[in-house]
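S.K.: Input: one structure, supplied below.
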Amino acid sequence: MRLRDLATGLGALIIAVTALAALFGPALVHADPFAQDLTHRLVPPVWMGGEPAHPFGTDQLGRDYLARLVYGARISLLIGVSAAVTSGLIGTTLGVLGGFFGGWVDDVVMFVITCRLSIPLILVALAVVSAVGSSLAVVVLTLGLLLWERFAVVARTTTMQIRNLDYVAAAQAAGASRAHVLLREVLPNIAHHLVVVATLEVALAILLEAVLSFLGLGVPPPLPSWGLMIAEAKDYMFFSPWVIMVPGLALFTLVLGINLLGDGLRDLLGASRDA
Amino acid sequence: MPDSVLEVGGLRVGFRAVEAVRGVDLAVARGETHCLVGESGSGKSVTALAVMGLLPRGARRGADRLRFGEADLLGLSDRAMGRLRGDRIGMVFQEPMTSLNPAYTVGSQLTEVYRRHRGGSQRAAVDRAAELLGRVGISAPGRRLGQFPHQLSGGLRQRVMIAMALMCGPELLIADEPTTALDVTVQASILRLLANLQAEMGLALLLITHDLGVVARIAHRVSVMYAGQVVETAPSAALFAHPTHPYTRGLLASVPVPGKVRRDEPLGSIPGTVPRIGPGFQGCSFRDRCPFAMPECAIEAPLRQRAPGHAYLCQLPP
């Protein structure tokens, strides 16, 4: 019990630190994440005997790793949150409509969900990015348009539970319109489930962006995305392991933090609802 | 009945292969408490929902007449029906624990109904909500307005539900087993409240219940439902004095009266259960459980009059 609270707190702390770094880091870290300095290539981090000017070392082009990490946090969080919001809008709309109206509407929604589940995610993302060209907006949209199925499934089942409750009938008996019932009666009462899904989707989107960037089809260089940093560093990892370790650890920690917070939120919201 | 607020004629509701309501006639007069009695599955609640236009998807509704005030509910659009609901017809449900939305305060749920139908300022709606909470017997209404449903007991929630149904001063209040889910002591106070409000506000009250004790205490008129039909309708006093349909007699005989029923004597009951009636059913639906069943019962159950305003559906003469 205590351990679980601790884990939730740790997750929240990781996210808070990353978010603060993303928001204010560029103002504090004076190094330019794009400035190359070929005389200072592959400088190790300070704890491995590097220079105080580059606390996290430099990469193969002599760019400051701390600065790139901080700017990369912006990209990762931006992509994670925007993809989750986009997919949340799509998935929740579909799920609530299917769950509430049932019948043929639900059949259509279920069919669309099944179709989405049978689409190989990475392949389609790769195909889209290579066809349209890679940019931040394309990555966000692609991920957002592909990651909504969990929102849809959760919204659909929770809406089905809610729609038969008396307060929905009571609202209708009090003259509420259908839009009102959906937006004001159903949505607020399934929101706590959707928040948990959203945390999972943020983590998933961040990881997928890293995968796409690693494959060279994500955020276009020289934008400092964590996945791109790993991709660019992979040729040097045998002699300078930190170049892959630093962004890799950052990615791992952030995704772990988001998942810990998601689990914690699920317990917290679930418990308070059942009580 | 020219002064009836609600007039239902030949109401039929079906779900797939089940005929839940089969030709119900019902008239609720202005300022009258009309009780709809019957056991589970007799079609009481479905009748109420059909009147409100709130039947679940897939239900078939048909009627010869469905009139509320001067409005013909059969020809009314969804939108127009929505304007009537909560404004001129209020409804209270069985389960106070789930009838309020847990996400909003009592005050916001009350004021919302009022502003939807009456518009006006939030200030006026809050005043109206506080006034009604006071009227339904809730102390410190100002404080209750800011509370969430989970902070209230079942009895309080049902009072809030009643207040919500009355926000716009409806002509008709439909209460679907409003006391079933409550403690006996709370039941009594809610019933007294309903009876008082009905008298004070001149409401027409359509009270759905399976509790004959409730009926005896507050009904002016009673309609007994069985298997989707009104099998007997009469003024309350006449029904209790001269129950005529065998089902009504069975129901009354099933109520244990303290002091009159001996400890070792088995409680009265009607053998069997309510049948599921499919399309094409003929004759009296009670004949399988009826002690007076005769061959003619398989053909039809005629409508007979015992006295003016006291009708029943049976082969037996009065």
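Respectively, the protein sequence lines represent chains A and B. The first sequence begins at 320 in the numbering used here and counts up by one. The second sequence begins at 80 in the numbering used here and counts up by one. Yeah, the Cβ is synthetic: ideal placement off N, Cα and C, and Gly gets one too.
1) Give the straight-line distance between the Cα atoms of T433 (chain A) and R469 (chain A), rounded to the nearest whole angstrom.
2) Pull the bridge partners of C114 (chain B) from the DSSP assignment, please.
3) Under the assumption that V87 (chain B) contacts R158 (chain B) (Cβ atoms under 8 Å), give the Cβ distance between them as a whole number of angstroms.
4) Determine the DSSP secondary structure at F319 (chain B), reduced to helix, strand or coil.
5) Along chain A, in chain order, which residues have C-beta atoms closer than 7 Å to that of G161 (chain B)?
6) Cβ of P249 (chain B) less than 8 Å from any chain A Cβ?
7) Return helix, strand or coil for T184 (chain B), following the three-state DSSP convention.
8) Listed from N- to C-terminal order along the chain, which residues in the region 553 to 578 of chain A have their beta-carbon within a distance smaller than 7 Å of any beta-carbon of chain B?
9) Which partner residues of P314 (chain B) appear in the DSSP bridge assignment?
10) Which residues in chain B have a C-beta closer than 7 Å to the C-beta of Y486 (chain A)? List them in chain order.
11) Among the residues of its own chain, which have a CB less than 7 Å from the CB of P397 (chain B), if the five just before and after it don't count?
12) Determine whether the beta carbon atoms of F365 (chain B) and P335 (chain B) lie at a separation below 8 Å.
13) Hey, could you find the ends of the alpha helix (DSSP H) G422 (chain A) is sitting in?
14) Tell me the DSSP secondary structure of G88 (chain B) in three-state form.
15) Based on Cα-Cα distance, which residue from B:R164, B:A182 and B:S200 lies nearest to L398 (chain B)?
16) In the DSSP assignment, find the unbroken alpha helix (DSSP H) run with L382 (chain B) in it and report its ends.
17) Would you please verify whether the beta carbon of G165 (chain B) is less than 8 Å from any beta carbon of chain A?
18) Whole angstroms are fine: how far does the CA of T478 (chain A) sit from the CA of L291 (chain B)?
19) Residues of the region 349 to 382 of chain A in Cβ contact with chain B at a cutoff of 8 Å, in chain order, please.
20) Along the chain, where does the beta strand (DSSP E) that runs through E98 (chain B) open and close?
21) For R475 (chain A), tell me which candidate among A:F343, A:G407 and A:H373 has the shortest Cα-Cα distance.
22) Taking Cβ-Cβ distances below 9 Å as the criterion, which residues of the region 412 to 438 of chain A are in contact with chain B?
23) Could you spell out where the alpha helix (DSSP H) holding L276 (chain B) opens and where it closes?
24) Using the beta-carbon of each residue, which ones in chain B are nearer than 7 Å to Q480 (chain A)?
25) For a quick check, are the C-beta atoms of I269 (chain B) and G234 (chain B) less than 8 Å apart?
26) Residues of the region 503 to 527 of chain A with a CB closer than 7 Å to any CB of chain B: list them in chain order, please.
27) Just verifying my parser: in three-state terms, what is the DSSP assignment at D593 (chain A)?
28) Please go through the same chain and pick out, in chain order, the residues whose beta-carbon is closer than 6 Å to the beta-carbon of A242 (chain B), but skip the five residues on each side of it.
29) Could you give the uninterrupted runs of the alpha helix (DSSP H) lying entirely in the region 537 to 580 of chain A, keeping only those of 4 residues or more?
30) Rounded to whole angstroms, what is the Cα-Cα separation between G344 (chain A) and V458 (chain A)?
31) Going along chain A in order, which residues have a C-beta closer than 7 Å to the C-beta of M170 (chain B)?
32) Compare the C-alpha of A316 (chain B) against each of B:A142, B:C114, B:L189 and B:A372 and name the closest.
33) When the cut-off is 8 Å and only beta carbons count, does A474 (chain A) lie next to chain D?
34) Name the chain A residues that come within less than 7 Å of E210 (chain B), Cβ to Cβ?
35) Give me the residue from A:L519, A:A550 and A:L542 with the minimum Cα distance to V278 (chain A).
36) Do the CB positions of G391 (chain A) and P566 (chain A) come within less than 8 Å of each other?
M.R.: In brief:
1) 11 Å
2) B:L286 and B:V301
3) With a Cβ gap of about 22 Å, V87 (chain B) and R158 (chain B) do not count as contacting.
4) helix
5) G494 and S496
6) no
7) coil
8) none
9) B:R300
10) T177, S178, L179 and N180
11) T323, R383 and R385
12) no
13) G422 to L436
14) strand
15) The structure shown does not extend to residue 398 (chain B), since chain B is modelled only from 80 to 397, so the question has no answer here.
16) No alpha helix (DSSP H) holds L382 (chain B); the beta strand (DSSP E) holding it covers L382 to A386.
17) yes
18) 37 Å
19) none
20) V97 to A108
21) A:G407
22) F420, G421 and G422
23) V263 to M280
24) Per Cβ cutoff of 7 Å: no residues; Q480 (chain A) is ~11 Å from chain B at best.
25) By the CB criterion at 8 Å, I269 (chain B) and G234 (chain B) fall inside the cutoff.
26) E504, P507 and N508
27) The pLDDT assigned to D593 (chain A) is 43, lower than 50, so where the model puts this residue is not dependable, and the model offers no usable value.
28) L211, L212 and V215
29) 545 to 552
30) 24 Å
31) A492
32) B:C114
33) Going by chain labels, chain D is absent from the structure shown, which instead holds the protein chains A and B.
34) In chain order: nothing, as chain A lies at least about 18 Å away.
35) This structure does not reach residue 278 (chain A), given that chain A is present from 320 up to 594, and the question cannot be answered.
36) yes
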